[in-house]
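**Q** So for the sequence shown, the numbering used here puts the first residue at 299; every next one is plus one.
Here a beta-carbon is modelled for each residue, glycine too, at the ideal position from N, C-alpha and C.
The structure displayed is predicted, hence computed values, not measured ones.
One structure follows; several queries about it will come next.
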Amino acid sequence: MEDEATSATRAGSRSNDDEVDPTQGLEDKSLDDEYGTDLNEEHLANSGFDRCNFDDDTAVNGLQDIWKVEVNEAPAEYIMKFHFPNNEVAFVFYNWYANVNGFAARKSKFMRNIKGEITQQTFLCYREGTRQVKVDAGVIRKRRSKLRTRCGCLAKCRVHIEATNGRWYIKYLNDEHNHPLLDDKFMGMLPAHRKMTEYDILQMNNMRKVGIRTPHIYGLFANQAGGYQKVGFRKRDMYNQLERQRRSNISDASDALGFLESMGSTDDKIFWKHTVDEDGRLEKLIWFDGVGQMDYSVFGDVLAFDATYQKNKYLCPLVVFSGVNHHNQSIVFGSAIVRNETEQTYVWLLEQFLTAMGGKSPTSVITDGDLSMRNAIKRVFPDAHHRLCAWHLLRNATSNVGNVQFVSRLRQCMLGDYDIAEFKRKWESMVVEFCVEENKWVNELYEKRNMWATAHIRGNFFAGFRTTSRCEALHSQLGKYVNFQNNLLEFLHHYFRCLSFMRYKEVEADFSSVHGEILMQTEFHSLERSAANVYTREIFLLFLPVLKKACRLKVLGVRQTTSSYIYTVSKYCREGSEWQVSYYPASLEFKCSCLRLESLGIPCEHLIYVITYLDIVKLPDCLVLKRWRKDVKDSLPISNDCLSSAWDPSIVSQYVGIVEHCKRMACAAVKCRNAEYVRSTIEWISTRTETLESIAAEDIPTHSDLNGAFAENLMNPSRARTKGCRSAVPSASNRLKRPSRKAPACGVCREEGHNRKCCPVQRRTDAMSQNQVGSNVMYYEDEEWQ
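In structure tokens:
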């Protein structure tokens, strides 16, 4: 009969794998077939294990019991006294024993009985076996060979199940190694002793959601553990875990839709739609959360939307629908990701926008002048006033005319406070002066003057929009959270994180508007105080200069009609500038010929002066636009509980309370010298946590799993190639396929690699010229200058 050492040698020579095929032992009728001997009574006697000795003192049922066992340099007889509920706990115990004694364990072959049940398993030293050397003649390896770690170590542990009670015991233990054991400081480097727990992964994912980079997260783990050597895993393990999470996702597009669907549990007003192309790939995706829909119901009179690029790894353009709130801040109503920017795409987006917003159309829209956008707005928002971005028009003027002075004069015509007749005279004068009467772009621009000239759009409310600079600033803010490396799911996480920050800035502005009192700065104290009480802080600061300018005006005359008084107002000691202010006593309404109130929503200085002229001490309600008031959102019939950006206050207080108490407990445990009490505290916390998890699992509502619904049909979008992706960072494969840029040629000799400043031919020519005038510079025919 073979002894255990002989059988171990044979088993070690058969395979170097960590595990074998689980079906391999199904044909084994008994343990005798594998080892060629009876492994019953005699082996139990040799192992030093007593079948009857299954007492509680030697029972190891979990991690708490494993930590209590002193296995440092413990003899084999002591280790073989313990028994386990299953082979998994037995392996954890042996791996812990290996960790304490300077090596690591791995699983090897297991055996089954005729019923297919595992009855025996062997654990090996991590250096067991030898590497198979594959040498191909004439083949040069591109990758450096890995270090050889297998040295044929015969140390092993074999566990067996006792049929009478189902407990597992150590039947054989060989603790002799043919290699030096590692020091304690190196044990955390072995893969078998490196592991990210479920809570480590959860903490890492939570920190990544707020934009913290992986090296910084690892540094935080090290700070919490008291050093990098105490973390329990390496930075490479974090990257591997992230890669496993990415690979586990069947479809990035399906995960993104599942994320939007899951938001319905906290935001019952969220709206999202998507389309797919003929290949089953995601083509368009648009979404609006409850806060965005609420904001649009109040501030939806002005809409600005523009596309930004390189915000996801598919380079699909991101279209952001934005506006202005009562603090003059940019707000986001919703967004969309599209594969292309055709007219049909924008028509679909605007139609879904109307559906999400209950059919409410904006009164004014501002874009950068893209033809697809213009045509889509005409079809979906026919009654909206469409304004083109002044900055884009001036930039186009630079490229189409190329005269800086013309651009300056065009800017004056575009933004000047002229009437229609004066605008026409200035335009004709400018066209004749710069000889651009036949310029096609200039003529087309004049035909669209109702979309950009202040003289023609006066009276239409745009909330101060003249350019899409707010959109550009919003895109810049989003760029701090998302980039071209994010997949769709990561993009949505960071997108809503950015939205949460922007909406918190609105809360800060609300606080600034209601906290404290403003010191009076003008002579109209009553009027100024009434404006400060109704306007938000930012709008009041815009109104204050108007109040100061009103002191410089005077009334030239008054004309009475059947229903109103018309006041002629002019600047003091300045002729040629007059405005007509109409006052309707019956309804206490005011109107000015400058139409600045209708255009900006803030009263002009002409109206303010007439109010002071009439001794009115309170700003009339007709001059206060509702969207600029402090209390504009007070009447909204919504509950914060249904919004994705709000938490239940009771849940927040519970969470904060538990976190603070756990922090106090952790700080006290660091200072406590009673290890036994700290260990009992950890056990008590583990027990209570398991109870809380079981209770929470029963209370969590189940939601539909879209990952399974879309996994088979929905595919990720292909890499977009739109106008904004020219400067996109190409992939590694594209960089390899792209031909290298041709080097510039010299302007003298037409050779590549240098320019005319360092051209040898030019140098020789210069030297010859200097020699002709008596220069002492030496010239070498075939060498560089010395």
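#1: Return helix, strand or coil for Q608, following the three-state DSSP convention.
#2: Let's see if you can read the secondary structure: which residues bound the beta strand (DSSP E) around V867?
#3: In terms of alpha-carbon separation, which member of M494, I584, Y516 and E770 lies closest to Y607?
#4: Have a look at Q419 and P489 and give me their C-alpha separation to the nearest angstrom.
#5: Could you give the uninterrupted runs of the beta strand (DSSP E) lying entirely in the stretch 769-847, keeping only those of 3 residues or more?
#6: Give, in chain order, every unbroken run of the alpha helix (DSSP H) that is at least 4 residues long and sits entirely within the stretch 741-771.
#7: Please check the pair F759 and S662, which I expect to be a contact at CB under 8 Å, by giving their CB distance rounded to whole angstroms.
#8: Can you tell me which of Y833, H813, E460 and N472 puts its alpha carbon nearest to the alpha carbon of I377?
#9: Going straight from the alpha carbon of W570 to that of M749, what length do you get?
#10: Taking F651 and G621 to be in contact with their CB atoms under 8 Å, please state how far apart those CB atoms are, rounded to whole angstroms.
#11: Cα separation between I364 and D481?
#12: Leaving out five residues on either side along the sequence, give the residues of the same chain with a beta carbon under 7 Å from the beta carbon of E1049.
#13: Given a cut-off of 8 Å on the beta-carbon distance, is the pair R709 and L692 in contact?
#14: Would you mind reading off the limits of the beta strand (DSSP E) that contains K379?
#15: According to DSSP, what are the bridge partners of W725?
#16: Of all the options A372, N370, G427 and R456, which has the alpha carbon lying nearest to the alpha carbon of F408?
#17: Could you check where the beta strand (DSSP E) with L581 kicks off and where it finishes?
#18: Three or more beta-carbon pairs under 8 Å between the stretch 607-616 and the stretch 775-789, yes or no?
#19: Between the beta-carbon of V699 and the beta-carbon of N673, is there less than 8 Å?
#20: Checking the sheet assignment: what are the DSSP bridge partners for T420?
#21: May I have the straight-line CA-CA distance separating L445 from R429, to the nearest angstrom?
#22: Can you round the beta-carbon distance between G757 and S897 to whole angstroms, since I take them to be within the 8 Å contact cut?
#23: Count Cβ pairs between the stretch 365-375 and the stretch 397-406 that sit closer than 8 Å; are there 3 or more?
#24: Taking the continuous alpha helix (DSSP H) assigned at T512, which residues delimit it?
#25: Does the count of Cβ pairs from the stretch 712-724 and the stretch 793-809 closer than 8 Å reach three?
#26: For the putative contact between L583 and A654, defined by C-beta atoms under 8 Å, what is the C-beta separation to the nearest angstrom?
#27: Under 8 Å between the Cβ atoms of G427 and R448?
#28: Cutting at 6 Å between CB atoms, please list the residues of its own chain near P383, excluding the five before and the five after it.
#29: Could you give the first and the last residue of the continuous beta strand (DSSP E) run that contains A403?
#30: Count the C-beta pairs between the stretch 864-883 and the stretch 924-933 that are closer than 8 Å, then say yes if the count reaches three, no if not.
#31: Can you check whether the CB of A830 is closer than 8 Å to the CB of R764?
#32: Which partner residues does S880 have in the DSSP bridge list?
**A** Straight from the coordinates:
#1: Note: Q608 maps to coil in three-state DSSP.
#2: Segment Y863 to K869, the beta strand (DSSP E) holding V867.
#3: Minimum Cα distance to Y607 is reached at E770.
#4: Cα-Cα distance, rounded: 21 Å.
#5: Whole beta strand (DSSP E) segments, 3+ residues: zero.
#6: If we require 4 residues or more, the alpha helix (DSSP H) runs fully inside the stretch 741-771 come out as 752-755.
#7: Taking C-beta atoms under 8 Å as the contact rule, F759 and S662 qualify, at a distance of about 6 Å.
#8: Ranked by Cα distance from I377, the options Y833, H813, E460 and N472 are led by N472.
#9: Whole-angstrom Cα-Cα distance: 31 Å.
#10: Taking a contact as a CB-CB distance under 8 Å, the pair F651 and G621 does not count as one, their CB atoms being some 12 Å apart.
#11: So the alpha carbons of these two residues sit roughly 21 Å apart.
#12: The residues are A1043.
#13: Contact: yes.
#14: No beta strand (DSSP E) holds K379; DSSP gives it neither H nor E.
#15: W725 pairs with nothing; no bridge assigned.
#16: Ranking the options by Cα distance to F408, first place goes to R456.
#17: Per the sequence shown, residue 581 should be read as Glu rather than Leu. Residues L580 to F586.
#18: Here the stretch 607-616 lies against the stretch 775-789, with 3 or more beta-carbon pairs under 8 Å apart.
#19: In this structure, N673 does not lie closer than 8 Å to V699 by Cβ.
#20: Partner(s): R456.
#21: Their Cα atoms are separated by approximately 10 Å.
#22: Right, their Cβ atoms sit about 6 Å apart.
#23: For the pair of segments examined, the stretch 365-375 was found to touch the stretch 397-406: the number of CB pairs separated by less than 8 Å reaches three.
#24: Element bounds for T512: T512 to A523.
#25: Contact fails: fewer than three Cβ-Cβ distances are below 8 Å.
#26: Rounded to whole angstroms, the Cβ separation of L583 and A654 is 13 Å, and the two are not in contact under 8 Å.
#27: The beta carbons of G427 and R448 sit closer together than 8 Å.
#28: Hits under 6 Å: N359.
#29: For A403, the enclosing beta strand (DSSP E) has its first and last residue at A403 to R410.
#30: Taking a contact to require three or more Cβ pairs closer than 8 Å, the stretch 864-883 and the stretch 924-933 do not qualify as touching.
#31: No.
#32: S880 has I864 and K889 as its beta-bridge partners, per DSSP.
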